[in-house]
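Residue numbers (my numbering): 4 to 363.
Ideal Cβ positions, reconstructed from N, Cα and C, are used throughout, including at glycine.
Treat the numbers as computed from the prediction; the structure is a model and nothing was measured.
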Ligand SMILES: [Zn+2]
Ligand SMILES: [Zn+2]
């Protein structure tokens with residue numbers, strides 16, 4: 004349904020179905036949101052599936068203290084193009100496309116010019132963010148439709164199934180980018196800490212890059228799974244001997260967990276000049292002594308999703324190597340239950356919402 008002209012943005016708005024929250028303590032429930040109609044540079048997407056990221060929960064519940072309501076989360080969006088603006092050349096109606104964590108950026112700063120839009124201080128995130136007009140709330144993928152500036156729309160390789168591809172838009176790029184940046188590849192020993200949504204993608208991607216992959220996980224419960232995903236070795240971090248056996252062993256450690264760990268202990272597993280990259284954000288900062296860094300010229304680093312160019316590169320890489328996420332498909336009505344199961348680490352390895360359940 005089309006609403007009257009929105010004078011502030013200069014174009015009509017369309018009302019669509021979504022699922023979201025009104026405040027930090029409410030459960031997710033149905034709500035209506037408006038999307039702009041397609042501008043010259045826009046792509047309209049009928050959303051088929053949306054992955055459920057742990058950061059959706061953090062933001063819905065205002066755990067990072069920056070939430071804006073009402074909020075429709077979701078930044079692992081895949082669907083089919085239903086309309087394109089007059090200046091859109093790369094996409095046409097019927098194309099399989101994706102949208103990740105960002106929907107716009109300034110386009111002019113050094114980060115944007117280098118294709119690293121995720122570091123742009125004016126980047127518009129897919130939800131919990133204001134659009135460039137600084138007024139309109141960006142709303143995410145737990146909805147039936149989205150309209151996105153063409154430069155932030157990704158092509159999905161034709162051979163990949165849409166539902167299992169959705170998590171690549173956040174979990175995939177978040178792990179691909181540091182593996183590429185720190186040069187995972189043949190002859191490199193890479194450790195992945197944690198085997199959740201991010202960790203299981205990191206294992207698949209690092210394996211496809213031909214690195215020697217070790218999973219470091221609290222217990223050996225998931226050992227069989229880890230090896231099926233592509234891990235060469237699995238070690239339990241609850242076993243103190245693990246840290247002796249693997250001392251000075253790895254070129255790169257990707258830390259996907261957001262619980263507090265003894266970073267110094269893990270840095271001791273790096274060879275000289277090795278790096279440990281943080282992807283998760285523990286709620287309180289661990290203490291770190293300088294010795295594990297100095298003794299071996301090691302680095303402690305962080306990484307944030309990836310730029311649009313690299314996200315397309317990741318999708319093409321996953322198409323070539325037939326990599327998708329291991330998912331549990333749910334109707335939108337199960338989303339609150341899914342959040343509780345994510346918090347108990349009871350999903351192997353990503354929930355994906357079948358958006359047909361919202362269109363009924
Ligand atoms: Zn995410
Ligand atoms: Zn910028």
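In the three-state DSSP reduction, residue 63 falls in the helix class (H, G or I). Each of 26, 299 and 98 was checked against the Cα of residue 66, and the nearest Cα belongs to 26. In this structure, the alpha-carbon of residue 165 lies about 8 Å from that of residue 51. Under the DSSP definition of a beta bridge, residue 220 partners with 239. Fewer than three pairs of CB atoms, one per stretch, sit closer than 8 Å, so the stretch 79–90 makes no contact with the stretch 18–38.
Residue environment for residue 190: exposed (fewer than 16 other C-beta atoms within 10 angstroms of its C-beta). The beta carbons of residue 180 and residue 309 sit about 4 Å from each other, so the pair counts as a contact at 8 Å. Distance from the CA of residue 252 to the CA of residue 299, rounded to the nearest whole angstrom, comes to 12 Å. A residue is listed when its beta-carbon falls short of 5 Å from at least one non-hydrogen atom of ligand 1; in chain order these are 56, 58 and 173. A distance below 6 Å between beta-carbons, with the five flanking residues on each side excluded, links residue 354 to the following residues of its chain, in chain order: 55, 331, 333 and 341. Under the three-state reduction of DSSP, residue 163 is assigned to coil, being neither helix nor strand.
CA-to-CA, the gap between residue 313 and residue 301 works out to about 26 Å. Judged by DSSP in its simplified three-state form, residue 268 adopts helix.
Along the length of the stretch 245–297, whole alpha helix (DSSP H) runs at least 4 residues long occupy 266–270 and 294–297, reported in chain order. Scanning the stretch 163–234 for uninterrupted beta strand (DSSP E) segments of 3 residues or longer gives 192–196 and 215–220, listed from N- to C-terminal end. If you check the C-beta of residue 32 against ligand 2, you find no heavy atom less than 8 Å away.
Taking C-beta separations shorter than 7 Å and ignoring five residues to either side along the sequence, the partners of residue 261 in its chain run 283, 284 and 285, following chain order. At least one heavy atom of ligand 2 lies less than 8 Å from the C-beta of residue 114. For residue 93, no beta strand (DSSP E) segment is defined, and its DSSP state is neither H nor E. With 16 or more other CB atoms across the displayed protein chains lying within 10 angstroms of its CB, residue 199 is buried.
DSSP places residue 302 inside the beta strand (DSSP E), whose first and last residues are 302–305.
A buried status is given to residue 62, since no fewer than 16 other beta-carbon atoms sit within 10 Å of its beta-carbon. At least one heavy atom of ligand 2 lies closer than 8 Å to the C-beta of residue 110.
Taking 8 Å as the cut-off, the C-beta of residue 44 does not count as close to any heavy atom of ligand 2. Between residue 217 and residue 249, the C-beta spacing is below 9 Å. By the CB criterion at 9 Å, residue 171 and residue 101 fall inside the cutoff.
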